[in-house]
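Q: Below is the structure I would like to discuss, written out as structure tokens.
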Amino acid sequence: MLRPRLLIIAVTSSALTAAALCFADESLPADDGMHSERILFAPENNRFHKTISVPHGQRLTLQFQPEHASLRIQVFNHLGEDLFANRHADLLYRHRLSLTDSDCAPCAIEVAVVPRHQAPAALTLLSHVTDCQREPAFCDADTALEFARRTEQSVSPTDISQRFALAIQQWQALPPSIEKLNAQFLALHAAESNAAHSTAFTQLANQARQFKAWPALAQIQFMQLHVALAQDDTALTQQYLHELEQTLAAVQTTASHVFYTLSAQAELVRAELFLHTEQLEKHAAALVRASAMLDKIDDVAQVARVLNGIGFLHRINKHLDQAAASHQLALSFSTETTDLALQMQSAYYLGVVSALRGRYFYAQSLLARAEQEALALKAPIWQAHITAALARIAMELGSVQESEVLYQQAQTLYRLSGASRELKTVYLNQARLFSLQGKPDTSEEFLRLAQRHLSDAPLDRRHYSETLAEAHLNAGQCADAQHALTSLTDSGSVNGAPLLTAKIHLCLQNWRAAAATASAAVNQFTRDQDDLGMLSARFVLANARWKEGFASEALVIIAAATHSIESLRDDLQRDDLRRQFLALQRSLYDLQLQITRDESPSDILAALQVAERFKARTLFDALLRRNTPVRNTEVKVAQLPFADLMTTTLARLQTTPANAVPSGEQESRSLKDALSQLPEGTALLYFFLGSRQSYLWELSAGHQQVYSLPAEPELHDAIDAYLAQLNPQTGNRDALYQSGIRLSEHLLGSVAPQLNQYQNLVIVPDGALHRVPFAALFNPQSESRLLLTHNISYARSLSTFNYFSEYPSNPQAPTLSPEHILLVAPDLAGGELAAREAELAAITRAWPTTRPPRVLAGPAADLAGVTAALTQPFDIVHFASHTRLDWDYPSRSLIALNGDFASQPDSQLGIQTIRDASLVAELVVLSACATAAGKNLAGEGPMGLSRAFFEAGAKRVLATLWPVEDRATAQVMAQFYQNLLTEHDEPTSALRKAQLSLARNPRWNHPYYWAAFAFYGNPHAF
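Those letters in the sequence shown? Residues 2 to 1023, by the working numbering.
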């Protein structure tokens, strides 16, 4: 991940008056015209409100000084604009605002305090009025400065520079003063490149020494320190660090809050220097000293900044649990402020660490939030950091094209920001991206670009050599990978990459060396609480031990890894976090299944048990958890010592529930119970696609058998070849038949002799098989389509099938009432579906009552009306509409209601709204395009609309695998409801007969028109 600026230079503050901070010299007296008002806050009331007006021709200066608390300040003018929004403190550490009569006619001041200690919180409000007729030059200069500060976050960098230049020009006409020094500092602070102004900072430091304004000098020196650190100038950094420490000795006696804030930041700089020189003990000691100062800082914004610095260094040192805890606390503290930039930075840092820990979807949500805040702040350097982080996540999730586009955007943003140094990390990641795609020449080109930007720092050299080694490894160049890792880094750096070293040994078939280094990696990642790294290392270790001939030991290693996955799965509260974490670990389950089959070929259920652990686990969790409240994992700012807050946060991150993982015996018993409940004439065809070999289980109440299938790549090619011919507009009918026969032989050839004894087939697909219409495939023995002889339904896993099967038909159920069916038919932008009215009329005719079903159509089919209706019980909920699928971000997929997707996306029915519904429905019918499709997540299947309805509470869903034809759909739906409601067929039988009816119609007999309809969930009547 990219390294943004570690040290945040806007030092807000608090504790002392302007006189105490800035006028330590007797020759600079405090302003006698300053009016002071002190407010004490009771524990139950932490807010202060005041209305003010500024007389004509005068200028009012306000300063806010908290005690034992932090401030949230808002000053609203008569237009409702917050004049204090996103304002950082000035050189003098003041919460300061300058107002004219045009600003305040009147103004409302709203102040909320955030107590930090047990002592009573207080606020001192200082105000001073300047007569602009007597002091026009000061008023003009202060007006120009205030205008530049208020617009700093809303204009381009060029405009910012021009406005501050105008303010400086006004101040130059005035005699030397602290306020003049402050204006110059703010102008430099607003500049895009602080490095270009190092000489100007030196001049400011000299002026601050003349005034003996030690806190102001300390902040200027901190800026110098930041510039030197950003330039990787270690000698200059150490020089400025020494000068800052000398100044802080003077600050400690006059401004203790400033002392602790800057001292903590100085310790972070020292810790980073120790880290770059690999003095790890000194690095750790500096972090401890920085942490110890947090309880002595009143300002929560400063606490958040220090926490982000601590978290950043933990991340660089690969202590990811401590990094995550630090940034989680920083984000919580930042939300107690009005500092949008700080909230953005905290969300970014937490997003980066979450990605490193494998929580990619959570990271994406945090980075999306940070991106919106960066856009609002017009901060291109942070937009670049965020875009680069999103590009890395897309690469890890396999979204190659998206990653390429994002990296190009990040490059552009870095160049616009003048941050060419950051390009080295982008180039390294692009080299990795193209090596993963099997494009070594392009990867090598980006490695050369990165090398041009490298410094002599050990970390830079390590990152380069590791990326080069990884590129060789991805190309199968094992010896070159080993050479790259060992020749371009010192021994300490090699030891810092034991996982990569183990992978190289595995590639070279040095099994013993691979096992030894993988074991070291497991220990390192376990110590650092790096979940993703630990699991990857265990995979390599198990593979190496298996290759050495120690299969039993390999299974023990994998069992420990899968136990960790299950524990993490239970501890991750959001379903999207669970899904992506499990998907990333597919290789572990694949390896475990291979070894289990090799070691116990006759134990059919043992291998099935491994496969079942991987299938739709988060959907099953969601079903079990529907009525269970989720515990709150947010960390709130509290009046606790920092050590207690960190301990609590770490505990939340690391908790493993006591009963999270069922025993192997419990799982085996559960599988046997589920299989024994299968009705006669029903079989589950359970697929698992493996990288070296795939498997099919034939499962019925009295018979279980497992068959070997081709590896996933071969099956994937056969599936693609079949689906490519399926569209009648672009495909060939003969080619479709031949490719269908080949695919059927691959998938069903081994089980073909057994199929005729089953009337009902429940397909449990895996991977690309979720796209395959099994009703259109053939029995390889008879070459007849499965549709002719079998009722077909689908399940995500054996566990979910068993869950839905626990809701059998109730023969004592009362007669359906008129409103046991809900039909949703919104007004569709771009025109109605031509055959939809006929479809709805046919459904109504089939309904076995004299009163019509409940219909939401026209204006009634808006988001409010539909979500309200979904809270009521129905036997059937039928949607006749359009859909929009988002293949990259499944949560953005929608069902059209009134309005259109482009102009009114928030008024459509989204996946999250569906999931949140307390749905009571036996059957949901999605008569729209591709409602069973979606981004396919390994093990979980498509993340689409049909799944969302199961999570909401539906027991059965009838959906479509691809975009369907309007008129053909209307005929299938009409016949389906006729069979279901009039003929009283079971749902799967009703669907099969409807599909057969269409398949026998010469106009619609192509499989494209009838095979898209798929039934999921409980296949029995209700």
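Every residue, glycine too, gets a C-beta built ideally from N, C-alpha and C.
So the candidates are SER785, LEU789, LEU927 and TRP215; which of them puts its Cα closest to the Cα of MET974?
A: Measuring from the Cα of MET974, the nearest candidate turns out to be LEU927.
Q: Mark LEU799 as exposed unless 16 or more other C-beta atoms lie within 10 angstroms of its C-beta, in which case mark it buried.
A: It is buried - the Cβ of LEU799 has at least 16 other Cβ atoms within 10 Å.
Q: Assign HIS704 to buried or exposed, taking buried as 16 or more other Cβ atoms, counted over all protein chains shown, within 10 Å of its Cβ.
A: Exposed, by the Cβ-count rule.
Q: Within 10 angstroms of its Cβ, does ASN195 collect 16 or more other Cβ (buried), or is it exposed?
A: Interpretation of ASN195 is limited by its pLDDT of 44, a score under 50 that renders its predicted location unreliable; no figure is taken from the coordinates.
Q: Within the same chain, show all residues whose beta-carbon is closer than 7 angstroms to that of LEU417, passing over the 5 residues directly before and after it, in chain order.
A: Cβ neighbours of LEU417 beyond the five flanking positions: PRO381.
Q: Going straight from the alpha carbon of PRO177 to that of PRO499, what length do you get?
A: Whole-angstrom Cα-Cα distance: 59 angstroms.
Q: Once the 5 residues before and after HIS57 are set aside, which same chain residues still bring their CB inside 6 angstroms of it?
A: Hits under 6 angstroms: ASP102.
Q: Let's see if you can read the secondary structure: which residues bound the beta strand (DSSP E) around MET944?
A: Looking at the DSSP string, the run of the beta strand (DSSP E) that includes MET944 is 942-944.
Q: If you draw a straight line from the C-alpha of GLN240 to the C-alpha of ALA272, how long is it?
A: Approximately 15 angstroms, taken between the alpha carbons.
Q: Are any of the Cβ atoms in chain C nearer than 8 angstroms to that of LEU434?
A: Here there is only one protein chain, and chain C is not present.
Q: Counting C-beta neighbours from all protein chains within 10 Å, is the total for ASP340 16 or more, i.e. buried, or is it exposed?
A: Answer is buried; the Cβ neighbour count reaches 16.
Q: Give me the Cα-Cα distance between PHE1014 and LEU962, rounded to the nearest whole angstrom.
A: When rounded, the distance between both Cα atoms is 7 angstroms.
Q: Mind the definition here: the stretch 222-231 touches the stretch 202-212 only if three or more C-beta pairs lie below 8 angstroms; say whether that holds.
A: Because the criterion of three Cβ pairs below 8 angstroms is met, the stretch 222-231 and the stretch 202-212 touch.
Q: Is ALA960 helix, strand or coil when you go by DSSP?
A: Three-state DSSP puts ALA960 in a strand.
Q: What separation, rounded to the nearest whole angstrom, lies between the Cα atoms of GLY911 and PHE362?
A: Rounded to whole angstroms, GLY911 to PHE362 spans 17 angstroms at the Cα level.
Q: Could you tell me the distance, in whole angstroms, from the CA atom of LYS319 to the CA atom of PRO891?
A: Cα to Cα, the separation comes out at about 31 angstroms.
Q: Roughly how many whole angstroms lie between the Cα atoms of LEU1080 and HIS50?
A: This structure gives no information on residue 1080, because the portion of the chain shown stretches from 2 to 1023.
Q: For LEU999, which of GLU966, HIS284 and THR983 has the nearest alpha-carbon?
A: Among GLU966, HIS284 and THR983, the Cα nearest to that of LEU999 is on GLU966.
Q: Compare the C-alpha of GLY453 against each of LEU205, LEU424 and LEU724 and name the closest.
A: It should be pointed out that residue 453 corresponds to Arg in this sequence rather than to Gly. The shortest Cα separation from ARG453 among LEU205, LEU424 and LEU724 belongs to LEU424.
Q: Classify LYS637: buried if its beta carbon has 16 or more other beta carbons within 10 angstroms, exposed otherwise.
A: For LYS637, the pLDDT reaches just 43, beneath the cut-off of 50, and the residue's location in the model is therefore unreliable, leaving the point undetermined.
Q: For PRO812, does the three-state DSSP call read helix, strand or coil?
A: With a pLDDT of 38 at PRO812, under the threshold of 50, the modelled position of that residue is not reliable, and the figure given next carries that caveat. Reduced to three states, the DSSP call for PRO812 is coil.
Q: In terms of residues, what are the limits of the alpha helix (DSSP H) holding TRP512?
A: Unbroken alpha helix (DSSP H) run through TRP512: 512-529.
Q: Can you name the start and end residues of the beta strand (DSSP E) that GLU423 belongs to?
A: From DSSP, GLU423 is part of no beta strand (DSSP E); its letter is neither H nor E.
Q: Could you check whether ASN1019 and ARG957 sit closer than 8 angstroms to each other, using their CB atoms as the reference points?
A: Yes. Within cutoff.
Q: Name the two residues that bound the continuous beta strand (DSSP E) containing PHE1016.
A: Here the beta strand (DSSP E) through PHE1016 covers 1014-1018.
Q: Can you give the Cα-Cα distance for ALA113 and LEU829, rounded to whole angstroms?
A: So the two alpha carbons sit approximately 47 angstroms from each other.
Q: GLY691: buried (16+ other C-beta within 10 angstroms of its C-beta) or exposed?
A: So GLY691 counts as buried.
Q: Quick check: what's the CA-CA separation for ALA70 versus GLN365?
A: Near 33 angstroms, if we compare the C-alpha coordinates of GLN365 and ALA70.
Q: If you run the structure through DSSP and keep just helix, strand and coil, what is VAL965?
A: Coil.
Q: What do you get for HIS36, buried or exposed, if any count of 16 or more other CB atoms within 10 angstroms of its CB means buried?
A: The residue is exposed, with fewer than 16 neighbouring Cβ atoms inside 10 Å.
Q: Would you decide whether GLN170 is buried or exposed? Buried here means 16 or more other CB atoms lie within 10 Å of its CB.
A: Exposed, by the Cβ-count rule.
Q: For PRO729 versus HIS1007, is the C-beta spacing smaller than 8 angstroms?
A: Yes, the Cβ-Cβ distance between PRO729 and HIS1007 is below 8 angstroms.
Q: Going straight from the alpha carbon of LEU788 to that of LEU727, what length do you get?
A: Between LEU788 and LEU727, the C-alpha separation is close to 16 angstroms.
Q: For SER520, collect the residues of the same chain with a Cβ closer than 7 angstroms to its Cβ; drop the 5 residues on either side in sequence, then sort them by chain order.
A: Correct list, in chain order: LEU542.
Q: Return yes when the Cβ of ALA395 is within less than 8 angstroms of the Cβ of LEU414, no when it is not.
A: Cβ atoms of LEU414 and ALA395: not closer than 8 angstroms.
Q: When you compare only the Cα positions, how much space is there between ALA432 and THR443?
A: About 7 angstroms.
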